[in-house]
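Per the numbering used here, the sequence shown starts with residue 21, numbered consecutively.
Read the structure below first, then the notes.
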Amino acid sequence: MLEKLQIVKQRFDEVSDLIIQPDIITDQKRYVELNREYKDLRLLMDKRELYLEFTNNLAEAEEIIADGSDPEMVEMAKMQYDEAKTAIPELEEEIKVLLIPKDPQDAKNAVVELRAGTGGDEASIFAGDLYRMYTKYCESKGWRVDTVDYSEGTNGGFKEIQFEVSGDDVYGTLKFEAGVHRVQRVPQTETQGRVHTSAATVMVFPEAEEFDVEIDPKDVRIDYFCSSGPGGQSVNTTYSAVRLTHEPTGLVAQCQDQKSQHKNKEKAFKVLRSRLYDLELAKKMEEDAALRGTMVTSGDRSAKIRTYNYPQGRVTDHRIGLTLYDLSNIVNGDIQKIIDELMLAENTEKLKANSDIM
């Protein structure tokens, strides 16, 4: 473990020196990449310091106990020995996880898109419930949520809604939410009290930086139209909403959330870049999944990943067989336990794939 950590320290010292070099600072892409690496390595360096402290304490305690000449010192050494013996294995497990090669996308912001699936009005209402769940979860993490575009359902909720989430390690956390979410409950419109099953699709894209994807302006058709929905006097009177169509791929991105046409265009281009970036990532994920076997983040958006059963008050994540009888808190944004379990499952698989990690 110490040999592995020494190699990491050498890289940390190297990165620390690189990020203050003028030629690196002027290269935006390289500078952003190195800053992300520095942040990850800094965390490992803190764990390394703790690990060295505990291993030194252990060796020192063993020496005092072996000497045995001072009973008071021996008593203190035994306490120090027990503390170190307990802490070292836990630290080693934490370090093993931190030593797993990180996906560079994980540190990025994310674009999230919710779409009502099968179930008519009830599916739209459920998409609205999911939006509120994610909004509350993001707020609890101190992340910022910005709506990009939406289409309201006839009886509430959304046919679809798209929003950006900004903060620390957003994509690495929210990527586990991608897939089909099902709800089993009695719809508001149901008169005979029968339980219906409806669905909504969650898509999560890493937000692409300008240097991640280069878009040729000639490939993009830009349409301007009037906004719809709540928004005051500018709605249906000014052509502030923007729709972009990337003609080589047929991908479409639009934004009508801002009153300014320029801001809507800027947001729509951000989404379009993220969609194009996601296309490339999806190919890579398929290749990686084929190499590693099934992963909890397979990128398969047709996969049913989670069921919210209201009559029984339970939520089941089908990828890892996790069932929690805590539906009311979960739909109010308390999804961290589910995400933690999914991260643990993914890290366990990564550890198997990287069995050379000490």
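Idealized CB from N, CA, C, for every residue including glycine.
When the Cα atoms are used, what is the spatial distance from residue i to residue j?
i	j	result
residue 363	residue 26	27 Å
residue 288	residue 277	10 Å
residue 293	residue 198	19 Å
residue 72	residue 107	11 Å
residue 357	residue 348	14 Å
residue 50	residue 82	47 Å
residue 29	residue 70	14 Å
residue 120	residue 359	18 Å
residue 93	residue 368	41 Å
residue 34	residue 76	26 Å
residue 284	residue 275	5 Å
residue 98	residue 74	13 Å
residue 13	residue 42	What the structure shows of the chain is the stretch from 21 to 378, and residue 13 is not part of that stretch, so it cannot be assessed.
Under a three-way DSSP split, which group does residue i fall into?
i	result
residue 207	coil
residue 213	coil
residue 241	strand
residue 324	strand
residue 354	coil
residue 3	Given that the chain is displayed from residue 21 to residue 378, the structure contains no residue 3 and the question cannot be resolved.
residue 89	coil
residue 177	coil
residue 140	helix
residue 35	helix
residue 187	coil
residue 252	Annotation note: pLDDT 44 at residue 252 (below 50); position unreliable, no value reported.
residue 318	In this prediction, residue 318 scores a pLDDT of 47, lower than 50, which makes its location untrustworthy; the coordinate-derived value is nonetheless stated afterwards. Correct three-state label for residue 318: coil.
So residue i packs on residue j, CB below 8 Å; how close in whole Å?
i	j	result
residue 183	residue 168	6 Å
residue 67	residue 114	6 Å
residue 264	residue 233	Not confirmed; about 13 Å, so no contact.
residue 204	residue 327	6 Å
residue 153	residue 353	5 Å
residue 116	residue 371	6 Å
residue 297	residue 237	18 Å between Cβ atoms; not a contact.
residue 216	residue 150	The pair is not a contact, with the Cβ atoms about 16 Å apart (cut-off 8 Å).
residue 118	residue 64	5 Å
Quick one: is residue i buried, meaning 16 or more other Cβ sit within 10 Å of its Cβ, or exposed?
i	result
residue 79	exposed
residue 331	exposed
residue 45	exposed
residue 323	exposed
residue 345	exposed
Is there at least one non-hydrogen atom of the ligand SAM closer than 7 Å to the beta-carbon of residue i?
i	result
residue 170	Looking at this structure, you won't find the ligand SAM or any other ligand, since it has none at all.
With a cut-off of 8 Å, do at least 3 Cβ pairs link the stretch 185-196 to the stretch 118-138?
-> yes
Examine the Cβ distances between the stretch 138-158 and the stretch 94-113 and report whether three or more of them are shorter than 8 Å.
-> no
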